[in-house]
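Student: Sharing a structure with you now.
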Amino acid sequence: MATLVDTTAALEATKLDDAAELKRQRLRDKKRRQRQKQKEKKRSLTERRDTPGKGQGLFATQSLEEGAIVARQPPALSVVFDAHSQTVCGFCFKPDTTDKKTIKLVKRDGKVGVVFADDEHGAAVVTRLSATGANSTADIKQGDVLIGVHGALVATTGQALEALRNAPAAFEAVFIRPSLLICRDCGRFATCKDCAEQGRHKWHAHECQLFQNLPSSSKRGETSPVRLLLRYRASADIGDWSTDKETIDEVRSLVTTKGGIDASTALALQKLTGVPSDVCSLLIGTIRGNAAAVFRNNHRVACALSAKVGYCNHSCAPNCSASVDADGKCVLTATTSVTKDEELTISYVDANQPVEQRRAILQEHYEFRCECVKCVKDSRALLKLKARSRGKEHLQNTSRLAREQYMHAHVKGGKSTGV
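Under the UniProt record's numbering, think of the first position of the sequence shown as 1, with each following residue one higher.
Here it is in structure tokens:
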């Protein structure tokens with residue numbers, strides 16, 4: 001028991017040391033980011049300026065060719081939906097790709113030196129490889145799943161341990177290696193190999209702890225809105241998870257037309273997450289109005305909030321498009337040639353929809369009536385079409401009336417009165 005207590009104390013001390021080092025690293029990153037931001041400001045292709053009748057907008061500081069990348073950065077804030085939280089990286093949105101391999105193992109004193117634990121399906125997942133064990137140099141990593149031992153398939157940890165006990169001194173084992181490291185504490189987060197190597201899985205430990213501290217009732221159903229707020233809080237507490245991403249400070253400079261939640265809900269979220277109620281309202285409203293959908297393998301798996309994209313005003317004839325690329329970065333691309341000092345715009349709706357439908361959607365969701373060049377042109381064309389339609393209908397009605405009057409005047413009692 002004493003050994004257990006000592007070990008627990010040592011683990012807690014290690015966690016505190018890791019947290020302190022992580023905080024120091026984040027402070028260093030913040031200073032480096034500030035220097036980097038000053039340099040980028042000098043060579044930035046865009047600048048935020050006042051726009052008559054629209055508040056502020058994003059403008060080009062130099063001429064841009066069609067197809068030019070205007071901005072490309074990881075988003076300021078993002079969250080993966082629960083249904084995909086174990087199959088998509090929570091940082092770069094990389095989807096899971098599983099690798100299968102056969103490894104030769106040996107026993108020493110009847111042991112292989114590999115520690116297993118159940119995953120959510122009961123499968124045998126490697127949690128640790130003994131540094132002094134019989135297979136310390138084998139290509140086995142934490143997170144690998146054992147599915148075969150000496151020609152026999154194993155589906156659970158119990159079956160795996162039994163098969164290992166009965167295996168000969170030297171044998172072959174089959175492992176699958178998921179490309180994502182799933183967080184076993186919260187069960188709603190996964191990190192790809194590249195992000196894990198950059199220490200981002202350790203960063204997740206902070207938001208994970210915040211999530212674990214929530215009451216159990218708050219962890220039922222879709223938890224992505226709450227996890228989004230906790231990610232914001234984690235970033236505010238210890239700094240952003242990357243030095244090259246948009247900062248959460250930039251999110252606060254966005255403007256939302258609809259908060260989407262009332263004051264009582266905002267206060268409830270503040271009590272639950274520790275994020276100020278006004279920030280909760282801003283974030284929820286901004287996500288609903290400005291977030292980009294992230295698609296992987298034809299599925300909508302996450303939403304990402306980019307400050308640069310959020311700065312762009314709407315036009316049904318935009319000169320830019322916004323997307324999330326394969327590396328998880330929000331990309332603003334020029335779709336036409338852009339002159340210096342021209343405002344950069346994107347379309348908030350499907351610009352191929354009829355003008356009345358576009359305007360209705362924009363009025364309902366963004367609370368403004370679009371008067372862009374395309375809307376004005378399409379509206380005039382629609383009015384002309386309606387006028388022609390009414391004129392044609394009038395002529396048809398007039399012709400029908402004249403025909404009925406003629407028939408009434410020349411037919412009496414079923415007999416023609418004409419010559």
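Don't be surprised by glycine CBs; every beta carbon is placed ideally from N, CA and C.
Using beta-carbon positions only, say whether isoleucine 284 and leucine 305 come within less than 7 angstroms of one another.
Tutor: No, they are not a contact pair.
Student: Taking all protein chains shown into account, do 16 or more other C-beta atoms lie within 10 angstroms of the C-beta of isoleucine 261, making it buried, or fewer, making it exposed?
Tutor: By the neighbour-count rule (16 or more Cβ atoms within 10 Å), isoleucine 261 is buried.
Student: If you drop the 5 nearest sequence neighbours on each side, which residues of the same chain put their C-beta closer than 8 angstroms to that of aspartate 118?
Tutor: Counting only Cβ-Cβ distances below 8 angstroms, and skipping sequence neighbours, we find Ala124, Val125, Thr156, Thr157.
Student: Is the distance from the Cβ of cysteine 320 to the Cβ of alanine 334 below 7 angstroms?
Tutor: Yes. Within cutoff.
Student: Quick test of the definition: if touching needs 3 or more C-beta pairs under 8 angstroms, does the stretch 94 to 109 touch the stretch 346 to 359?
Tutor: Result no; under three Cβ-Cβ pairs closer than 8 angstroms.
Student: Which stretch, first to last residue, makes up the alpha helix (DSSP H) that contains isoleucine 147?
Tutor: Note, isoleucine 147: premise wrong, no alpha helix (DSSP H); beta strand (DSSP E) at 145 to 149.
Student: Can you tell me whether leucine 383 is helix, strand or coil according to DSSP?
Tutor: Correct three-state label for leucine 383: helix.
Student: Consult DSSP for cysteine 303 and reduce its assignment to one of helix, strand or coil.
Tutor: Cysteine 303 falls in the strand class under three-state DSSP.
Student: Please name the residue, chosen from Arg296, Asp249, Val226, Arg369, that lies closest to glycine 274 on a Cα-to-Cα basis.
Tutor: Cα-wise, what sits closest to glycine 274 is Val226.
Student: Would you mind giving the Cβ-Cβ distance between leucine 77 and arginine 231, rounded to the nearest angstrom? I have them listed as a contact below 8 angstroms.
Tutor: So it is a contact: roughly 6 angstroms between Cβ atoms.
Student: Quick one: grab the DSSP three-state call for leucine 129.
Tutor: Reduced to three states, the DSSP call for leucine 129 is strand.
Student: Distance check for valine 301 and alanine 83, CA to CA, integer angstroms please.
Tutor: Going by the C-alpha atoms only, they are around 8 angstroms apart.
Student: Considering only C-alpha positions, which residue in the set Lys374, Asp96, Val373 is nearest to aspartate 194?
Tutor: Looking at the Cα atoms, Asp96 is the closest of the given residues.
Student: Can you grab the Cα-Cα spacing for the pair lysine 377 / asparagine 213, in whole Å?
Tutor: Their Cα atoms are separated by approximately 55 angstroms.
Student: In this structure, does DSSP put isoleucine 182 in helix, strand or coil?
Tutor: If DSSP states are grouped into helix, strand and coil, isoleucine 182 belongs with the strands.
Student: Tell me whether the stretch 163 to 178 and the stretch 139 to 153 touch, counting them as touching only if at least three CB pairs, one residue from each stretch, are closer than 8 angstroms.
Tutor: In short, these stretches touch, since the Cβ pair count reaches three.
Student: Which residue or residues does DSSP assign as beta-bridge partners of aspartate 240?
Tutor: DSSP lists no partner for aspartate 240.
Student: Would a C-beta distance cut-off of 7 angstroms place leucine 267 and serine 277 closer than the cut-off?
Tutor: Yes, these two residues count as a Cβ contact at 7 angstroms.
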